[in-house]
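Let me begin by presenting the structure, written as structure tokens, before commenting on it.
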Amino acid sequence: MPDTLQATAIAEIQSADTLEALQVVKTKYVGKSGLITRELSMLGKLPPEERKTRGAEINVVRQGIQAVLDEREASLKRASLDAKLQSEAIDVTLPGLPLPSGGLHPITRVYDDLINIFTRLGYNTVEGPEVEEEHYNFEALNIPWYHPARELQDTFWLADGRLLRTHTSNMQVRYMVEHEPPLKMVSRGKVYRYEATDATHEAMFHQLEGLVVGEGITMSDLKGTIAEMAQGLFGAGAKVRFQPSYYPFVEPGADFSVYWQNPRGQMEGKAGKWLELGGCGMVHPNVFRAVDDLREKAGKARVYEGKTGFAFGLGPERMAMLKYGIPDIRYFYANDPKVIGQFRGELNGV
Ligand code: FA5
357 MPDTLQATAI
367 AEIQSADTLE
377 ALQVVKTKYV
387 GKSGLITREL
397 SMLGKLPPEE
407 RKTRGAEINV
417 VRQGIQAVLD
427 EREASLKRAS
437 LDAKLQSEAI
447 DVTLPGLPLP
457 SGGLHPITRV
467 YDDLINIFTR
477 LGYNTVEGPE
487 VEEEHYNFEA
497 LNIPWYHPAR
507 ELQDTFWLAD
517 GRLLRTHTSN
527 MQVRYMVEHE
537 PPLKMVSRGK
547 VYRYEATDAT
557 HEAMFHQLEG
567 LVVGEGITMS
577 DLKGTIAEMA
587 QGLFGAGAKV
597 RFQPSYYPFV
607 EPGADFSVYW
617 QNPRGQMEGK
627 AGKWLELGGC
637 GMVHPNVFRA
647 VDDLREKAGK
657 ARVYEGKTGF
667 AFGLGPERMA
677 MLKYGIPDIR
687 YFYANDPKVI
697 GQFRGELNGV
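When we follow the numbering used here, the leftmost residue of the sequence shown carries the number 357, and every step to the right adds one.
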């Protein structure tokens, strides 16, 4: 018996190829109710003179099995450790994973282009507050209390009587209070209007305000400036159209539009369209008067009466829609990576 028991046990141990399988074999032979233990427990049934030799024989078998078990266990443990090390090995010489490159938001792109154009034309760039006093947003801009633009549905009013500016024209007033003519400035920033959103209207959007004040400035200076800007943005062939319009802070006032031809539409022989980009006009004398009043209050000289100037305010969202063929203004702020992700790479010149 012991020889065959030992031989089968060793064969089973050698063929156990996992630590779990080896554990099963171990329990079967040397476990508490294993075959060897059973052999030992049967010693008591043998005649006393045979017990000693039989006991010794069984112990030799048990030690033999145990030695092979230990060796197999050690070798399986080594193999499993080797496999683990191999699978978790890191090749430090491999190149790293490339990080996806970011991109500038289309509005930032348009702003950068605009600021470049106006910097080249000698304009100073400034920014101003989004939370504004009623006086700078309306009153000083010749927008009296009864003007429809001050209605509750157009303006976000704050509890303390201030408001979220509805346009960047507040910066005309702020800039003139601080600076004397002649001057040229552009101001960019966010503006807010309490109105329903649709494909071309958002409640928060951006504007770029422009202001030029000096002596003998005329409407043709204004038209030339807007044409220069449109050509800088949309190419030398860009066409600009002016239509009379009313803004309380300019006289005369106009809206300007750019004719846009989608390159694909052009290939297909489709007509382009006029897209209104902003308002403009000659600074109203009442604005100069209000600015001088504010200057006087601040202990500064009245320097604006008798001066001439023009102002314009435009929407970069509409320009970006035109330039990049984006059909709905709401895409700009939906944070959909499918939309924003298109403004990586070549559009950024990266
Ligand atoms: C104004 O805000 C005047 N302050 C512009 C101005 C400045 C006129 C200086 C004369 C002199 P208007 O409300 O039309 O004007 O807005 C100007 C431009 O902002 C629009 O032509 C349009 O491009 C953009 N805009 C207006 N409302 C929205 C809106 N809800 N969503 C996105 N863009 C808008």
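Glycine included, every Cβ here is placed at the ideal spot set by N, Cα and C.
Note that the structure is predicted; figures quoted are calculated from it, not measured.
Other residues of its chain near residue i: CB distance less than 8 Å, five sequence neighbours each side excluded
i	result
VAL706	Only weak support exists for where VAL706 lies, its pLDDT of 39 falling under 50; the coordinates are left without a value.
GLY669	HIS523, THR524, SER525, GLN563, LEU564, GLU565, GLY566, GLY634, GLY635, CYS636
6 Å Cβ shell around residue i - same chain, five flanking residues per side excluded
i	result
HIS640	ASN498, PHE605, VAL606, GLU607
GLN528	LEU567, ALA667
GLN617	GLY628
LEU470	LEU564
ASP684	ALA555
PHE474	VAL542
ILE392	TYR385, VAL386, ARG418
ASN704	In this prediction, ASN704 has a pLDDT of 44, which is less than 50 and means its spatial position is unreliable; what the coordinates show is noted afterwards. Same-chain partners within the cutoff: GLY459, LEU460.
Those residues which DSSP pairs with residue i across a bridge
i	result
GLY665	VAL569
GLN563	GLY545
PHE612	PHE598, GLY634
VAL416	VAL416 is not bridged to any residue.
LYS629	TRP616
ASP426	None; ASP426 has no bridge partner.
HIS557	ASP554
LYS540	VAL568
Alpha helix (DSSP H) segment containing residue i, residue limits
i	result
LYS401	Note, LYS401: premise wrong, no alpha helix (DSSP H); not H, not E.
PHE474	462 to 476
THR581	575 to 590
ASP648	641 to 653
THR383	375 to 386
ILE696	693 to 696
PRO672	672 to 680
ARG530	526 to 534
TYR492	490 to 493
Same chain only: Cβ atoms within 7 Å of residue i, ignoring 5 sequence neighbours per side
i	result
LEU399	ARG407, ARG410, GLY411
PHE561	VAL547, GLY671, GLU673
THR553	ALA559, ARG686
ALA583	VAL596
TYR602	GLY609
GLU702	Summary for GLU702: the model assigns pLDDT 48, below 50, so the residue's position carries little reliability, and this model does not support an answer.
TYR680	PRO462
PHE321	Lying before the first or after the last residue shown, residue 321 is absent from the chain, which here runs from 357 to 706.
GLU488	ARG518, LEU519, ARG521, ASN526
Residue i: CB within 6 Å of a non-hydrogen atom of ligand 1
i	result
TYR603	yes
GLU558	yes
ARG658	no
ALA515	no
GLU632	yes
SER525	yes
PHE668	yes
VAL606	yes
PHE561	yes
ARG674	yes
GLY545	no
GLY671	yes
GLY665	no
GLY570	no
GLY635	yes
For residue i, the first and last residue of its enclosing beta strand (DSSP E)
i	result
THR481	480 to 482
LYS595	595 to 601
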